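Trainee: Structure in structure tokens, see below.
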Amino acid sequence: MKYGMDVTIVIVSYNVADLLNECIISIKKETSCEYEIIVVDNNSVDNSMELLKANHPDVKRIQNVSNVGFAKANNQAFEKAQGSYIFMLNPDTVVLDRAIDKLVQFMDEHPEAGACGPKVLNYDMSLQPSCHHFPTIAMRFIEHSQLERVFPKSKIFGRHYMTYWNYDEVKEVDWIRGCSLLLRKTTLELVGTLDENYFMYTEETDICYRMNKSGWKVLFFPGAEIVHYWGKSSEVSKKEKGYSPATIKYLFNTKYYFFKKHYGCVHFVFIKGIDFVFYLLVFIKNIFRKDAEVRRLKLSYASYVLSLILFGK
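Given below as structure tokens:
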């Protein structure tokens, strides 16, 4: 099927005016294929949309009156996309050295791929792992055990972030993080768009899983690179030295939803059981901490997670 242009670049933004501007400038500087940019704003309270309109009047805008979540906001843009490909891109990214052009060409050369992603770098140009295996009960246990940190090069213990691999070759992977993910539009028309039951997090895992089950490949392409200022576009509380309560809720509940949706109730119960035992142990361990402030933070976090596991809120 022929579409109106090569690629639609979709950026979901929330209170990141300066980062958004830097991202769009990098797109325009480094992209020569035929493209459009659609920015979906989830009711920012900064001057994101005013600056966007003034600095980039050619960029299409969708302005929500409330924060509808990452999946739904992307889908709003997907409906209007004219590109053969849709590039999901976080606003806290910088496109390097014709990365989007290279990704489009790569997908043209690999019709078996429903999605692909570039190499992702931190602001200091070090590697930021972006490829993963699909979550399993065993992987959840390994995450809690910290064995990935002890044995990062192990193909058993390093599966979550694929730390056993150097990210230096084209590779078929299970799923790629949605900070920079190129999707084939014809594939979306067959497997569906993002599941809006994921408010934030795990939506890219879900769509890659559906592609995998439908026979499409998800490929990593190291020939294209982007910088990602990890965490700048999400709701992170510096005051509490960790994630905000809302973010914790999304992290856990979306993971549970994925397990129940794709693996069934038995896996769903097991994964919650593993989490419950782990965070109960965290709670008990920190009761005896001498540092009162650290004790308060750790107990508060563990209590909140245990409440999420038991009651979903």
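Read in order, the letters of the sequence shown correspond to residues 920 to 1232 in my numbering.
Even for Gly, the Cβ is constructed at its ideal location relative to N, Cα and C.
Since the model is a prediction, treat every value here as computed from it, not as a measurement.
Using beta-carbon positions only, say whether residue 1005 and residue 1136 come within less than 9 angstroms of one another.
Mentor: It is not a contact, given that the beta carbons lie outside the stated cut-off.
Trainee: At what residues does the beta strand (DSSP E) containing residue 1037 begin and finish?
Mentor: Start and end: 1032-1040.
Trainee: If I'm right that residue 1110 touches residue 1015 with Cβ under 8 angstroms, what's the distance once you round it to whole angstroms?
Mentor: Between residue 1015 and residue 1110 the Cβ distance is about 30 angstroms, and since that is not below 8 angstroms, they are no contact.
Trainee: Assuming residue 931 and residue 1002 are in contact, meaning their beta carbons sit under 8 angstroms apart, how far apart are those beta carbons, in whole angstroms?
Mentor: The pair is not a contact, with the Cβ atoms about 16 angstroms apart (cut-off 8 angstroms).
Trainee: Determine whether the beta carbon atoms of residue 970 and residue 996 lie at a separation below 9 angstroms.
Mentor: Cβ atoms of residue 970 and residue 996: not closer than 9 angstroms.
Trainee: So, with DSSP's three-state summary, where would you put residue 1192?
Mentor: In this structure, residue 1192 counts as helix in the three-state DSSP scheme.
Trainee: Look up residue 1070 in the DSSP assignment and say whether it is helix, strand or coil.
Mentor: Looking at residue 1070 - three-state DSSP - the assignment turns out to be coil, as it is neither helix nor strand.
Trainee: Using beta-carbon positions only, say whether residue 1139 and residue 1089 come within less than 9 angstroms of one another.
Mentor: Taking 9 angstroms as the Cβ cut-off, residue 1139 and residue 1089 qualify as a contacting pair.
Trainee: Which residue from 1026, 1172, 939 puts its Cα closest to that of residue 960?
Mentor: That would be 939, whose Cα lies nearest to the Cα of residue 960.
Trainee: According to DSSP, is residue 1096 part of a helix, a strand, or is it coil?
Mentor: Of the three classes helix, strand and coil, the one that applies to residue 1096 here is coil, per DSSP.
Trainee: Could you tell me whether the Cβ atoms of residue 1097 and residue 1115 are closer together than 9 angstroms?
Mentor: Contact: no.
Trainee: Do you know how far the Cα of residue 1196 is from the Cα of residue 1042?
Mentor: Using only the alpha carbons, I get a separation of about 36 angstroms.
Trainee: In this structure, does DSSP put residue 964 in helix, strand or coil?
Mentor: Coil, per DSSP.
Trainee: What's the C-alpha gap between residue 1044 and residue 1148?
Mentor: So the two alpha carbons sit approximately 11 angstroms from each other.
Trainee: Closer than 8 angstroms by C-beta to residue 988: which residues in its own chain qualify, once you throw out the five before and the five after it? Chain order, please.
Mentor: 961, 1115, 1117, 1118, 1119.
Trainee: Are residue 946 and residue 1008 close, meaning C-beta to C-beta below 9 angstroms?
Mentor: Against a cut-off of 9 angstroms, the Cβ pair of residue 1008 and residue 946 comes out as a contact.
Trainee: Under the rule that 16 or more other beta-carbon atoms within 10 Å means buried, what is residue 964, buried or exposed?
Mentor: Counting Cβ neighbours within 10 Å, residue 964 comes out exposed, since fewer than 16 surround it.
Trainee: Looking only at C-alpha atoms, which of 978, 1108, 950, 1047 sits nearest to residue 1033?
Mentor: Nearest C-alpha to residue 1033: 1108.
Trainee: Name the residue from 1000, 958, 974, 975 whose alpha carbon lies nearest to the alpha carbon of residue 923.
Mentor: Closest by alpha carbon: 1000.
Trainee: So, helix, strand or coil for residue 1223, using DSSP?
Mentor: Looking at residue 1223 - three-state DSSP - the assignment turns out to be helix.
Trainee: What are the boundary residues of the beta strand (DSSP E) that includes residue 980?
Mentor: Note, residue 980: beta strand (DSSP E), 979-982.
Trainee: By a C-beta neighbour count over all protein chains shown, 10 Å radius and 16 as the cutoff for buried, is residue 976 buried or exposed?
Mentor: That one is exposed.
Trainee: Return helix, strand or coil for residue 1141, following the three-state DSSP convention.
Mentor: In the structure shown, residue 1141 sits in a strand (DSSP, three-state: E or B).
Trainee: If I follow the unbroken alpha helix (DSSP H) through residue 1020, where does it start and stop?
Mentor: That run of the alpha helix (DSSP H) goes 1018-1028.
Trainee: Tell me the rounded alpha-carbon separation between residue 1078 and residue 1072.
Mentor: Cα to Cα, the separation comes out at about 9 angstroms.
Trainee: According to DSSP, is residue 1207 part of a helix, a strand, or is it coil?
Mentor: In this structure, residue 1207 counts as coil in the three-state DSSP scheme.
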